[in-house]
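As you go down the protein sequences, you meet chains A and B in turn.
To convert, note that position 1 of the first sequence is 11 in our numbering; the numbers rise steadily by one, no gaps.
To convert, note that position 59 of the second sequence is 162 in our numbering; the numbers rise steadily by one, no gaps.
Heads up, the beta-carbon is just placed ideally off N, CA and C, and yes, glycines get one too.
Quick caveat, the model's predicted, so the values are computed rather than measured.
Here's the structure, in structure tokens; my notes come after.
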Amino acid sequence: DTAVSQTPKYLVTQMGNDKSIKCEQNLGHDTMYWYKQDSKKFLKIMFSYNNKELIINETVPNRFSPKSPDKAHLNLHINSLELGDSAVYFCASSHTGQGYGYTFGSGTRLTVV
Amino acid sequence: AQTVTQSQPEMSVQEAETVTLSCTYDTSESDYYLFWYKQPPSRQMILVIRQEAYKQQNATENRFSVNFQKAAKSFSLKISDSQLGDAAMYFCACTNRDDKIIFGKGTRLHILP
């Protein structure tokens, strides 16, 4: 059973389109995250949700909107895609305050052409 | 703000030899956690080892061990008996009880047969 699953794994789309990436975890964790990994492999946090409440909202264009329907799901919607949005997006989850680190999904490689 | 610095962008080691990856961090927190994550070509993020800052004893997981120097804010990873499957990007990371993990820029490790 996959602990943190993201769909799709690959996404190729044209500039200006709107796309969504879905994430689900079955670990019973209370916090979920979105990270962006750029072409130089740098990982930067974008958002985190704790029990459906937005906790971390880093400096991210407002074209990016996270949505958490329940604590097991955190989706990322991106409007008006730009070339610079091309990256790998990782979903992750954790038990807040336990210090055990994150469990990551396998990532979604987004390519904007 | 927390920062994590990995000064070695790339390293190479002969198979079966030992290699040490360096990491320094900066945090104003008194209670925090440190991690090493591995990212093989499959791009999956895998937790290798974890250290609680209040514990003086260095963490060990099989062939992986850390040298945690709290006063120097140093957290290096030693890989013993290197294997071909150890080839990957290695990320050092730091978090406090808010669970926001800050990653270093990574070290790409090559294993030479």
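Notebook entry, point to check: Could one say the Cβ of S127 of chain A lies closer than 7 Å to chain B's Cβ atoms, at least one of them?
Noted result: Because chain A is modelled from 11 through 123, residue 127 of chain A falls outside the range shown and cannot be assessed.
Check: Out of B:W139, B:D134, B:A104, B:P112, which has the shortest C-alpha to C-alpha gap to R158 of chain B?
Finding: Sequence check: residue 158 of chain B is Lys here, not Arg. Out of B:W139, B:D134, B:A104, B:P112, B:D134 has the C-alpha closest to the C-alpha of K158 of chain B.
Notebook entry, point to check: Quick one: which chain A residues come within Cβ less than 7 Å of M148 of chain B?
Noted result: F100, F114
Next item on the list: At 9 Å on the CB atoms, spell out the chain B contacts of T41 of chain A, in chain order.
Entry: D202
Check: Based on the DSSP secondary-structure assignment, which residues constitute the bridge partners of T106 of chain B?
Finding: B:D129
Check: Any idea what DSSP makes of D40 of chain A, helix, strand or coil?
Finding: coil
Checklist line | Beta-carbon proximity of K46 of chain A to Y99 of chain A, cut-off 7 Å | finding: yes
Notebook entry, point to check: In whole angstroms, what separates the C-alpha of K77 of chain A from that of T163 of chain B?
Noted result: 38 Å
Item checked: Boundaries of the beta strand (DSSP E) in which T182 of chain B is found, first to last residue -> In the sequence on display, residue 182 of chain B carries Ile and not Thr. From DSSP, the beta strand (DSSP E) with I182 of chain B extends over 177 to 182.
Next item on the list: Give every residue of the same chain whose Cβ lies closer than 6 Å to the Cβ of D74 of chain A, excluding the five residues on either side of it in the sequence, and list them in chain order.
Entry: According to the sequence displayed, residue 74 of chain A carries Phe and not Asp. Closer than 6 Å at the Cβ level, and outside the excluded window around F74 of chain A, lie I88.
Notebook entry, point to check: Distance, Cα to Cα, Q35 of chain A vs D189 of chain B?
Noted result: 27 Å
Next item on the list: Determine which residues share a DSSP beta bridge with F74 of chain A and list them.
Entry: A:I88
Next item on the list: Give a yes or no on whether the minimum CB-CB distance between F57 of chain A and chain B is below 7 Å.
Entry: no
Check: Quick one: what does DSSP say D80 of chain A is sitting in, helix, strand or coil?
Finding: strand
Check: Counting pairs of beta carbons, one from the segment 93 to 107 of chain A and one from the segment 181 to 188 of chain B, are three or more of them closer than 8 Å?
Finding: no
Next item on the list: Assuming Q111 of chain B and S125 of chain B form a contact by the criterion Cβ under 8 Å, report the distance between their Cβ atoms to the nearest whole angstrom.
Entry: 6 Å
Check: Using a Cβ-Cβ distance under 7 Å, would K173 of chain B count as near chain A?
Finding: no
Item checked: Exposure label - H39 of chain A; buried when at least 16 CB within 10 Å -> buried
Next item on the list: Please state if the CB of N67 of chain A and the CB of F52 of chain A are separated by a distance shorter than 7 Å.
Entry: no
Check: Using 7 Å as the limit for Cβ to Cβ distance, is K208 of chain B near chain A?
Finding: yes
Notebook entry, point to check: In chain order, what residues of the same chain have a beta carbon less than 8 Å from the beta carbon of D80 of chain A, not counting five sequence neighbours either side?
Noted result: K62
Notebook entry, point to check: For the putative contact between F206 of chain B and V107 of chain B, defined by C-beta atoms under 8 Å, what is the C-beta separation to the nearest angstrom?
Noted result: 6 Å
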